[in-house]
Every structure is written in structure tokens, then in C-alpha cells.
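**Student:**
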Amino acid sequence: MDVFAKQQSVESWKSGAAHVMCATVAFGMGIDKPNVRFVIHHSVRKDLESYVQESGRAGRDGKDAHCYILFRFEDRTKPLRNISSLPDNYRKIICLNGLKDIVKYCITPVCRRQQIVTYFDESDNSGNLCNKSCDVCCSNKAVAPVDHSEDAIEVVNCLESMQKVQDKITTKFFVLTFRGSKANTN
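Those letters in the sequence shown? Residues 1 to 186, per UniProt numbering, in order.
1. Going by alpha carbons, who is nearest to Q115 out of F27, K14, E49?
2. Please list the terminal residues of the continuous beta strand (DSSP E) segment that includes F38.
3. Tell me where the alpha helix (DSSP H) around residue 233 begins and ends.
4. Measuring alpha carbon to alpha carbon, tell me which residue in H41, N131, R91, D47 is nearest D101.
5. For D32 and R81, what's the separation of their Cα atoms in angstroms?
6. Are F71 and V39 close, meaning C-beta to C-beta below 9 Å?
7. R37 and A65: beta carbons closer than 9 Å?
8. Between the alpha carbons of V110 and R76, how many angstroms are there, rounded?
9. Following the continuous beta strand (DSSP E) through residue 187, name the residue where it begins and the one where it ends.
10. If the criterion is Cβ atoms closer than 9 Å, does the pair E54 and V25 meet it?
11. In terms of residues, what are the limits of the beta strand (DSSP E) holding C67?
12. Measure from the alpha carbon of Y68 to the alpha carbon of each residue in I83, K78, G62, H41, then state which is nearest.
So this is what it looks like as C-alpha cells:
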């Protein structure tokens, strides 16, 4: 998008003519728009601090706002690749810990507000941290363990059968074979 079109989009959004703005992380810096109703992260952030800071752009006027993070384990691939290319081992450890914390936040079935309060070592004496507004507290579903032993045995059996025929098996080839594809992509 050229600079002029980008500026027009920003002005249209700030004036209320446009109700949605799709943007990068840097977009919100310097933007003071108190009536943002929602922030949606299309993938995992680099750490929990970034997620909280970026989500804080919603509801600055004190009215209800919603923040979403769309997370899949596969989303970790790009940040992990970026982290592994860092030359400084100390920085790698810090970044890996940050990524671990945000992934833990996404997958742990504990009140989202409680997780943030605990992470930042703060206290909330209200007794009702999120007022049943997070996905965990709103969910009526009990988390029940599922036994996937039979699935695991099928995976191992498939892999062992493939290794009898071929020494080197790529993940892609294994997945395609396990799913029943006849394609040879090894």
C-alpha cells in the first residue's frame, strides 16, 4: 500500500468512517483512539508483555472491549526460526522464555486475567478477576482428558512400516502417507 493510501485509511478509521483497521504491530504506536472495541491478533505474539500492551489499545474509553488471539501450535515456527538465528545465546534464552510464556497463556485453561495478574506478579483483590468475560471462564465445558494411545500406536506402526522400505522419511512424506495419500513427495 502506498503512503498516500495508507494515510487515507488511517484518517478514515480515526474519523469513524471505517470501522475496521487491519495493521501491523507498529500501527498502534502513537495512535490515540479511545473507542477501539476489539483487537484481534492473527497469530501468537513474541511474548506476553507484547500481547498485553497491544491488547491494551482496546477499551481505553472504559467501555467493554474484546481482545482475541488466534493461536495454533504451528504459529511458533516463524518465531522459533527467528530466535534460532539470533547470534547471542542470552538473547535466545530470553526470547524462548517469552515465547514459552505466551504459548502457555494460550493453552492453559485458567482465567486469562488471572494468568496475566500472576505473570506480572500483581494482585487483584476484586475476587472476580475477569467477571466471567474470558473464554476460559465463559466456557461451560469441562476439560476432560482423552486417551490417544491407540492413535499413537497407529502412528508408530505406520512409521515403522515406512522405515522398513525407506531409511530417510520426511515429516511431509510421513503425514501424507499416514493420511492415505498415494503421492511420493520424499
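Note that the Cβ used here is the ideal one computed from N, Cα and C, for glycine as well.
These figures come from a predicted structure and were not determined experimentally.
**Tutor:** Quick answer:
1. Within the sequence shown, numbered from 1, the residue matching residue 115 stands at position 115. Closest by alpha carbon: E49.
2. Here the question's residue 38 lines up with position 38 in the sequence shown. Start and end: 38 to 41.
3. Residue numbering for the chain in the displayed model covers 1 to 186; residue 233 lies beyond these limits and cannot be assessed.
4. For the purposes of this step, residue 101 is identified with residue 101 of the sequence shown, where counting begins at 1. Closest by alpha carbon: D47.
5. Your numbering for residue 32 matches position 32 in the sequence shown. Your numbering for residue 81 matches position 81 in the sequence shown. Taking the straight line from one Cα to the other gives about 33 Å.
6. Against the sequence shown, residue 71 aligns to sequence position 71. Against the sequence shown, residue 39 aligns to sequence position 39. Contact flag unset, no.
7. Walking along the sequence shown from the start, residue 37 turns up at place 37. Walking along the sequence shown from the start, residue 65 turns up at place 65. Cβ distance < 9 Å, so R37 and A65 count as in contact.
8. If you number the sequence shown from 1, residue 110 lands on position 110. If you number the sequence shown from 1, residue 76 lands on position 76. Answer to the nearest angstrom: the Cα atoms are 21 Å apart.
9. Residue 187 cannot be examined here, being either before or after the span of the chain that is shown, 1 to 186.
10. By one-based count along the sequence shown, residue 54 stands at place 54. By one-based count along the sequence shown, residue 25 stands at place 25. Closer than 9 Å, so yes.
11. Residue numbering aside, residue 67 sits at position 67 when the sequence shown is read from its first letter. From DSSP, the beta strand (DSSP E) with C67 extends over 66 to 69.
12. Position 68 of the sequence shown, counting from 1, holds the residue named residue 68. It is H41 whose Cα lies nearest to the Cα of Y68.
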